[in-house]
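Per my numbering, the very first residue in the sequence shown carries number 28; after that it's consecutive. A short write-up of the structure that comes next.
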Amino acid sequence: MRKFLSYVLSALLWYCCCQTTRAEIFTSISQMTDLIYTEKELVQSLREYIKAEESKLAAVKSWANKLDDLTRVSTSDPENYLGHPVNAYKLMKRLNTEWSELESLVLQNPSDGFISNMSAHRQYFPDEEDETGAAKALMRLQDTYQLDSEAFSRGKLPGMHSNALLTVDDCFDMGKTAYNDADYYHAVLWMQQALKQLDAGDEAVVSKVDILDYLSYSVYQMGDLPRAIELTRRLVAIDSSHQRAGGNLRYFERLLFKQLNEMNQKYEPVSEEPIQLGTYSRPKDHLPEREAYEALCRGEGLKMNEARRSRLFCRYQNGKMNPRLLLRPMKEEDEWDSPHIVRYLEMLSDEEIEKIKELAKPRLARATVRDPKTGVLTTANYRVSKSAWLEGTDDPVVERVNQRIEDITGLTVDTAELLQVANYGVGGQYEPHYDFSRKDEPDAFKRLGTGNRVATFLNYMTDVEAGGATVFPDFGAAIRPRKGTAVFWYNLFKSGEGDYRTRHAACPVLVGCKWVSNKWIHERGQEFRRPCGLTEVD
28 MRKFLSYVLS
38 ALLWYCCCQT
48 TRAEIFTSIS
58 QMTDLIYTEK
68 ELVQSLREYI
78 KAEESKLAAV
88 KSWANKLDDL
98 TRVSTSDPEN
108 YLGHPVNAYK
118 LMKRLNTEWS
128 ELESLVLQNP
138 SDGFISNMSA
148 HRQYFPDEED
158 ETGAAKALMR
168 LQDTYQLDSE
178 AFSRGKLPGM
188 HSNALLTVDD
198 CFDMGKTAYN
208 DADYYHAVLW
218 MQQALKQLDA
228 GDEAVVSKVD
238 ILDYLSYSVY
248 QMGDLPRAIE
258 LTRRLVAIDS
268 SHQRAGGNLR
278 YFERLLFKQL
288 NEMNQKYEPV
298 SEEPIQLGTY
308 SRPKDHLPER
318 EAYEALCRGE
328 GLKMNEARRS
338 RLFCRYQNGK
348 MNPRLLLRPM
358 KEEDEWDSPH
368 IVRYLEMLSD
378 EEIEKIKELA
388 KPRLARATVR
398 DPKTGVLTTA
408 NYRVSKSAWL
418 EGTDDPVVER
428 VNQRIEDITG
438 LTVDTAELLQ
448 VANYGVGGQY
458 EPHYDFSRKD
468 EPDAFKRLGT
478 GNRVATFLNY
488 MTDVEAGGAT
498 VFPDFGAAIR
508 PRKGTAVFWY
518 NLFKSGEGDY
528 RTRHAACPVL
538 VGCKWVSNKW
548 IHERGQEFRR
558 PCGLTEVD
């Protein structure tokens, strides 16, 4: 029984998946929402098992109580008891028949239904890649929005407070995920939080020794020898026989005293301040504009000023007297002056949004990027979402949206890519990138035969409580998602040269669910709709 319950509990610790493609579940909130209902079904199945187990146990207890009373009488004077022929008969009957029935009752396995239900869902359970991906997503949010581990652990995210708490063991597992990836910066932050909660009296399966073991070595890897020594001494004080800790302590002390001797310095006691966000610097990575990009995501570093704001206007847009827009022109707002970015209000109705999402959900797959060397689509860690591609023939709504985009922009969509629908998962993002192909990747769109991506039309299909902005690090703009609106900009100058200022990013979604759809419009067919300019930057 105990072994079975252990199995049940360990299984339920996994997030349960909806019956769609299992891989990389964490990259789409849409697919993850179905996990809630699957988990609810498993909990109901577990309760039914418990009820059956309790019913079985009650029947066995009833047997035991009855037989306890009977044997108390029979053993007090066995010969006199068996002297009554009915007692003798009933003893034969009990041992031959009734005890066999009791044996069958005990051997019944009420868990069969639950195990069958678990087995049916297990093939869709997340795997280690999903758990690791979700953990890294929390760390990505932590970095982008400068949140300490305490904020996550206690459910204190910007603008909300929830009961979604992380236990000591959760924090330890987060730290271990980072540690196994040689990400000692985040390993330190999460192991420190696990230690803090454990010292505060929180219950845990993991031991203090294990936390200190990982924490002390991670601190050493961050180059903080004095603190690594102090933490290792705490570990040894708890478990003096810990072989690795003893060896590490001697090694750390030799290194430190060697450094002090070389610099002719004396040993100073380590600061008693707890390790927190900012104690150590985050290591640099592949993205040169990381700091500017993340600052914009937080709403910092915006370069909007009064002079620029005075050049922004709103207007009614009828697509140069397009018949479909004469009676109901689009509301157009300037979001930025140069490069010119506009937002269209009431671009999509709620009904159209729901239909597009309905069409996209069964087709969602991990979003890809085009390899600049081969032109082949592939997944990338810097783009975390799931997407689907919709054709105009899939539904009249898609065809209507495509036509509306053409009417508004004045550009043909006959050579555009299909309508791409994207749903962002835990910490979903798309790091700074260009939509157009650069000169060093001439074959990026060769297979399409429609030229480069001249413009981007991006529909926001949900509001997002926190995070999820579209930012442009080069000129310091941040555009917030607003349900039903769309933004539009040109990626190329009229000369066909790329506008490198349009490098942009989708910030990680901190709280909420983000759905977008976009249309990448290509050069072919625009010759008379957007004629070439006389200079390179026209």
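Here a beta-carbon is modelled for each residue, glycine too, at the ideal position from N, C-alpha and C.
Supposed contact pair F279 and Y307 - C-beta distance, whole angstroms, cut 8 Å: Actually they do not touch by this definition, with Cβ atoms about 17 Å apart.
Burial state of M249, where buried means 16 or more other Cβ atoms lie within 10 Å: Buried is the call here.
Rounded C-alpha distance that separates Q344 from P366: Each residue's CA atom was taken as its position, placing Q344 and P366 some 19 Å apart.
Cα-Cα separation, A392 to D361: Roughly 33 Å between the two C-alpha positions.
Local Cβ density within 10 Å of W547, reported as buried at 16 or more and exposed below that: With 16 or more other Cβ atoms from the protein chains shown falling within 10 Å of its own Cβ, W547 counts as buried.
Best match in G328, G326, K358 and E318 for proximity to F340 [C-alpha to C-alpha]: The shortest CA-to-CA distance from F340 to any of G328, G326, K358 and E318 is the one to K358.
Pair within 9 Å by beta-carbon distance, W416 and F499: No, these two residues do not count as a Cβ contact at 9 Å.
Given R309 as reference, the closest of R351, R167 and M145 once Cα atoms are compared: Nearest of R351, R167 and M145 to R309, Cα basis: R167.
DSSP-derived helix/strand/coil call for H269: The answer is coil: DSSP assigns H269 none of H, G, I, E or B.
Rounded straight-line distance, which links the Cα of P105 to that of L129: Near 23 Å, if we compare the C-alpha coordinates of P105 and L129.
Burial state of V369, where buried means 16 or more other Cβ atoms lie within 10 Å: Flag for V369 reads buried.
Sub-9 Å separation of C534 and G494 beta-carbons: Yes.
R8, enclosing beta strand (DSSP E) - first and last residue: No information on residue 8 is available, as it lies outside the stretch 28 to 565 that the chain covers here.
Alpha-carbon to alpha-carbon, P137 and L545: It is Asn, not Leu, that sits at residue 545 in the sequence shown. C-alpha separation (whole angstroms): 52 Å.
CA-to-CA distance, E68 to E18, given in whole angstroms: The question about residue 18 has no answer, for the chain in this structure spans 28 to 565.
DSSP three-state assignment for L446, whether helix, strand or coil: For L446, the secondary structure class from DSSP, reduced to helix, strand or coil, is strand.
Element boundaries [beta strand (DSSP E), containing A147]: Unbroken run through A147 is the alpha helix (DSSP H), D139 to R149; no beta strand (DSSP E).
Host beta strand (DSSP E) of A459 (start-end): Rather than Ala, the amino acid found at residue 459 in this sequence is Pro. Segment Q456 to H460, the beta strand (DSSP E) holding P459.
Nearest-angstrom beta carbon gap, N518 and D470 [assumed within contact, 8 Å]: The C-beta distance from D470 to N518 rounds to 18 Å, too long to meet the 8 Å contact threshold.
Contact check, K541 vs V481, beta carbons under 9 Å: It is not a contact, given that the beta carbons lie outside the stated cut-off.
8 Å CB neighbourhood of S522 in its chain, flanking five on each side removed: Result list for S522: C559, G560, T562, E563, V564 and D565, in chain order.
With 16 other Cβ atoms within 10 Å as the buried cut-off, status of G305: By the neighbour-count rule (16 or more Cβ atoms within 10 Å), G305 is not buried but exposed.
Close Cβ partners of V233 (< 6 Å) along its chain, the five nearest in sequence each way excluded: For V233, where only same-chain residues beyond five positions count, the Cβ hits under 6 Å are D196 and F199.
Backbone secondary structure at G250 - three-state DSSP: Assignment of G250 by DSSP, reduced to helix, strand and coil, places it in the coil class.
Terminal residues of the alpha helix (DSSP H) in which T159 lies: Taken as a continuous stretch (DSSP letters only), the alpha helix (DSSP H) holding T159 covers E155 to T171.
Stretch-stretch touch, CB-based, cutoff 8 Å, three pairs: the stretch 165–184 with the stretch 206–216: Flag = yes, the stretch 165–184 and the stretch 206–216 touch.
I548 - partner residues in DSSP beta bridges: Note: I548 sits in a beta bridge opposite A482.
Same chain, Cβ closer than 6 Å to N114, five either side skipped, listed in chain order: Cβ neighbours of N114 beyond the five flanking positions: Y108.
Under the three-state DSSP convention, the category M357 falls into: In the structure shown, M357 sits in a strand (DSSP, three-state: E or B).
Beta-ladder partner(s) of I506, from DSSP: DSSP lists T497 as partners of I506.
Cβ neighbour criterion (16 or more within 10 Å) applied to D240: With 16 or more other Cβ atoms within 10 Å, it is buried.
Proximity of L475 and E524 at Cβ, strictly below 9 Å: The answer is no: Cβ separation not under 9 Å.
Length of the line joining the Cα atoms of T204 and R181: Distance from the CA atom of T204 to the CA atom of R181, rounded to whole angstroms, is 20 Å.
Cβ neighbours of K30 in the same chain (closer than 8 Å, five flanking residues each side left out): Residue confidence for K30 is low, a pLDDT of 42 falling below 50, so the modelled location carries little weight and cannot support an answer.
Reduced DSSP secondary structure (H/G/I, E/B, other) of H531: The answer is strand: DSSP assigns H531 an E or B state.
CB contact flag (P459, T489, <9 Å): Cβ distance not < 9 Å, so P459 and T489 don't count as in contact.
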